[in-house]
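Under the numbering used here, the first residue of the sequence shown is numbered 4, with each subsequent residue one higher. All residues carry an ideal CB built from backbone N, CA and C; glycine is no exception. Below you'll find the structure, written out as structure tokens, and then a few comments.
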Amino acid sequence: YASENDTEPFMTANSFQYSFSESTTIYASSYNANTGCESNRIPMQITINPVPSEPEVAPVTRCGSGSVTFSAVLDETATTCRWYSNQYTNPPLHIGLDFTRHIVTTSTYYVQSYNDNTGCKSSRIPVVATVNFPPSTPQTPPATSCGPLTIDLADNVSSSSLQYHWYDQEGNLLSENDHY
Numbered sequence: 004y005a006s007e008n009d010t011e012p013f014m015t016a017n018s019f020q021y022s023f024s025e026s027t028t029i030y031a032s033s034y035n036a037n038t039g040c041e042s043n044r045i046p047m048q049i050t051i052n053p054v055p056s057e058p059e060v061a062p063v064t065r066c067g068s069g070s071v072t073f074s075a076v077l078d079e080t081a082t083t084c085r086w087y088s089n090q091y092t093n094p095p096l097h098i099g100l101d102f103t104r105h106i107v108t109t110s111t112y113y114v115q116s117y118n119d120n121t122g123c124k125s126s127r128i129p130v131v132a133t134v135n136f137p138p139s140t141p142q143t144p145p146a147t148s149c150g151p152l153t154i155d156l157a158d159n160v161s162s163s164s165l166q167y168h169w170y171d172q173e174g175n176l177l178s179e180n181d182h183y
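Below is the structure:
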């Protein structure tokens, strides 16, 4: 029954499937078709919780192998994130908004929003951690000079996209150029 006082049930069966789009209360009773007798009606609360939106997670990039941390942003429909190694397996690798992994190569993980109060979850989305390999160390021959000295590595540059950084003995950046 749709209400406690309806005279006609909206479904007569031992079990039924019905799609509800919002929370509501329905009423159920037992009915004996042979005698025409019906039990008292009992309320059944139907609660429809929102499906959490997918989390917002930016891809991460690092130079060489090491640790990366993904950070998720959720809307009000979720309370936490679950992180996975692929789209289908359980249990999660980690539960929480931030997820840190040590990676050696570019890796894809999957994350979903989850609501601890309702058990509702979003679909899993892929997030990528990219490993860029650093360029080779420049080869600099020893240099001696009488007077000012300019070292020019432009002839030794193997890629036009590389730039050299020059540092003093204390680690202070002196120049970002092919020569110093």
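Looking at the structure shown, is residue i part of a helix, part of a strand, or coil, going by DSSP?
i    : result
I128 : strand
L96  : coil
F186 : Because the chain is modelled from 4 through 183, residue 186 falls outside the range shown and cannot be assessed.
R65  : strand
Y112 : strand
V54  : coil
E59  : strand
Considering only the alpha carbon of each residue, which of the options lies closest to residue i?
i    : options              : result
T108 : V134, Y91, N93, Q90  : V134
S68  : V114, P95, H105, C40 : H105
I128 : N17, G122, A31, Y117 : Y117
T50  : S22, S110, E7, N89   : S22
Q90  : A5, G150, S126       : S126
E41  : T28, P12, V114, P53  : P12
C84  : T72, N17, F73, G99   : G99
R65  : A132, P151, A81      : A132
S24  : I45, A16, N52, N43   : N52
N8   : I45, G174, T82       : I45
So if DSSP puts residue i in a beta bridge, which residue, or which two residues, is it bridged to?
i    : result
V107 : V107 is not bridged to any residue.
F73  : F102
S178 : W169
E41  : Y34
Y117 : T83, K124
How is the beta strand (DSSP E) around residue i delimited, first residue to last?
i   : result
M14 : No beta strand (DSSP E) contains M14, which DSSP labels as neither H nor E.
A31 : 27-31
Y87 : 83-87
P46 : 45-49
Any contact between the region 54-64 and the region 35-45? By contact I mean 3 or more CB pairs, one from each, below 8 Å. no
Does the structure place the region 79-94 close enough to the region 20-33 that three or more beta carbon pairs sit under 8 Å? no
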